[in-house]
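Chemist: I have a structure I would like to understand better, so I am pasting it below and will then ask my questions one at a time.
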Ligand SMILES: Cc1cc2nc3c(=O)[nH]c(=O)nc-3n(C[C@H](O)[C@H](O)[C@H](O)COP(=O)(O)OP(=O)(O)OC[C@H]3O[C@@H](n4cnc5c(N)ncnc54)[C@H](O)[C@@H]3O)c2cc1C
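Residue numbers (the numbering used here): 183 to 563.
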């Protein structure tokens, strides 16, 4: 492979697409093959679902996906997939429990880091590790990166180049259509060893195997013991702080129907089925303060707006704080405010509704995914 090639041979060299119509999203769910998934998911051209952007944006829920899959397959055939879905839910539970502490080293301080920047070569997709460089280029083009390539990228950044995880996590989040604060920050911490018991390493052989790269020689062609102790390779010396800014749209001048409730959507709740049959005002709330902390690229924002406008009828876009929205609701004498529970909606006021969970019974903080999963297993059959 050389630059310009794609990491999706699965699609005959054509980039993976993320259509915004609900029907196409449902078709994608219907096509899931959990058996093939469990055998091939670690390979970048494996039968992964490409559903994360829709899950992260609240368009589809985890139990909705489980239900479709279990219509055609037995639980044991779908177990690996359901366990992966549960990883997402686990991270959401951690976030729900500890809030913005997910932005700090959760379990212990990251060991052996030198700075709070990111290697220039990562941002430029020029690290000399082909499987990673092509993966970063694909991320920029498509807004998606395979789970293994995310792990490799984080590994190279935190454990080889010795960056602290936070800024690089924000850089990746910025470019991901599926950007999710919990999955992102906690996965970076998992790789960097601050939300796990040890740092994650992958060598050249492992990277080539799962990315389909032919590369043999590189500074990662070492034993794991050597990698854990090695100095930062020359190519990763220069560091940078990328500019990560969100360019929010102007927003609409709200025109609310008096007496009718206001259903508040945001970039994590774009569920087209939510109150679909109720007569209400529908407002997509974009709070500048949120995006100052968690910036997203123009590409991601444009896609989110398309997704919202494609599937939610008569949606008005409001750019401002929740308090500003509340003020509008008061002035225009609209009815109650409805919203979904989420760590980013804790300052909202009104009628809070629950999200849909795979395991509603299993709540609170668990120290590891496996202790969480053990508890979930009780509710499976
Ligand atoms: C460094 C790093 C950063 C990440 N950042 C994000 C992020 O911002 N947003 C995000 O949604 N996921 C993130 N992940 C998790 C995972 O990589 C993606 O959810 C997955 O690659 C999405 O692709 P898919 O839908 O094809 O996954 P599939 O393999 O088809 O999985 C189906 C669904 O299960 C869930 N899932 C699968 N694997 C994981 C996992 N390891 N952790 C959490 N949920 C999982 C996702 O909702 C996914 O859509 C990150 C992982 C790493 C290592």
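We treat Cβ as the ideally placed atom computed from N, Cα and C, and that holds for glycine. All figures in this text were calculated on a predicted structure; none of them were measured in a lab.
(1) Any heavy atom of ligand 3 closer than 8 Å to the Cβ of residue 370?
(2) When we look at the beta-carbon of residue 185 and count the other beta-carbons within 10 Å, is it buried (16 or more) or exposed?
(3) Within 10 angstroms of the Cβ of residue 471, are there 16 or more other Cβ atoms? Answer buried if so, exposed if not.
(4) What separation, rounded to the nearest whole angstrom, lies between the Cα atoms of residue 556 and residue 438?
(5) Which class does residue 291 belong to by DSSP, given the choice of helix, strand or coil?
(6) State yes or no: is the C-beta of residue 366 nearer than 8 Å to some heavy atom of ligand 1?
(7) So, are the CB atoms of residue 234 and residue 262 less than 9 Å apart?
(8) Please confirm whether residue 346 and residue 382 have their CB atoms less than 9 Å apart.
(9) On the DSSP bridge list, what partners appear for residue 301?
(10) On the three-pair Cβ rule with 8 Å, is the region 515-522 touching the region 431-446?
(11) Look at the Cβ atom of residue 464, then the Cβ atom of residue 444, and state whether they are nearer than 9 Å.
(12) Among the residues of its own chain, which have a CB less than 8 Å from the CB of residue 410, if the five just before and after it don't count?
(13) For residue 360, does the count of other Cβ atoms within 10 angstroms reach 16, so buried, or fall short, so exposed?
(14) What's the C-alpha gap between residue 511 and residue 283?
(15) Under the DSSP definition of a beta bridge, which residues are partnered with residue 446?
(16) What does a CB cutoff of less than 7 Å around residue 264 pick up in its chain, not counting 5 residues either side in sequence?
(17) So, at 6 Å on beta carbons, what are the nonlocal neighbours of residue 542 in its own chain, with the 5 sequence-adjacent residues on each side left out?
(18) Determine the DSSP secondary structure at residue 276, reduced to helix, strand or coil.
(19) What I want to know is whether the C-beta of residue 329 ends up closer than 8 Å to one or more non-hydrogen atoms of ligand 1.
(20) How big is the Cα-Cα spacing for residue 500 and residue 200?
(21) Looking only at DSSP bridge pairs, what is residue 312 linked to?
(22) With a cut-off of 9 Å, does the C-beta of residue 422 fall near any C-beta of chain B?
(23) Under the three-state reduction of DSSP, which class applies to residue 556: helix, strand or coil?
(24) Please state whether the Cβ-Cβ distance between residue 354 and residue 343 is less than 9 Å.
(25) Using a Cβ-based criterion (distance less than 8 Å to any ligand heavy atom), does residue 238 qualify as near ligand 1?
(26) Between the alpha carbons of residue 492 and residue 241, how many angstroms are there, rounded?
(27) How about residue 566 and residue 270: do their beta carbons lie closer than 9 Å?
(28) Is residue 324 near ligand 1, going by C-beta to nearest heavy atom under 8 Å?
(29) Give me the Cα-Cα distance between residue 202 and residue 339, rounded to the nearest whole angstrom.
(30) Taking the beta carbon of residue 560 as the centre, do at least 16 other beta carbons fall within 10 Å, making it buried, or is it exposed?
(31) Rounding to the nearest angstrom, what Cα-Cα distance links residue 386 and residue 458 in this structure?
(32) Taking its Cβ as the centre, do 16 or more other Cβ atoms sit within 10 Å of residue 533, making it buried, or is it exposed?
Modeler: If we stick to the structure as given:
(1) Ligand 3 is absent from the structure shown, which contains only ligand 1.
(2) Note that residue 185 scores 39 on pLDDT, short of 50, meaning its location in the model is unreliable and no value can be drawn from it.
(3) exposed
(4) Using only the alpha carbons, I get a separation of about 47 Å.
(5) coil
(6) yes
(7) The beta carbons of residue 234 and residue 262 sit no closer together than 9 Å.
(8) no
(9) 421
(10) yes
(11) yes
(12) 341, 381 and 383
(13) buried
(14) 32 Å
(15) Per DSSP, 465.
(16) Correct list, in chain order: 248.
(17) Cβ neighbours of residue 542 beyond the five flanking positions: none.
(18) Helix, per DSSP.
(19) yes
(20) Between residue 500 and residue 200, the C-alpha separation is close to 25 Å.
(21) Looking at the DSSP assignment, residue 312 forms no beta bridge with any residue, so it has no partner.
(22) This model lacks chain B altogether, as it is built from one protein chain only.
(23) helix
(24) no
(25) yes
(26) 11 Å
(27) Lying outside 183 to 563, the shown extent of the chain, residue 566 is not represented and no answer is given.
(28) no
(29) 32 Å
(30) exposed
(31) 50 Å
(32) exposed
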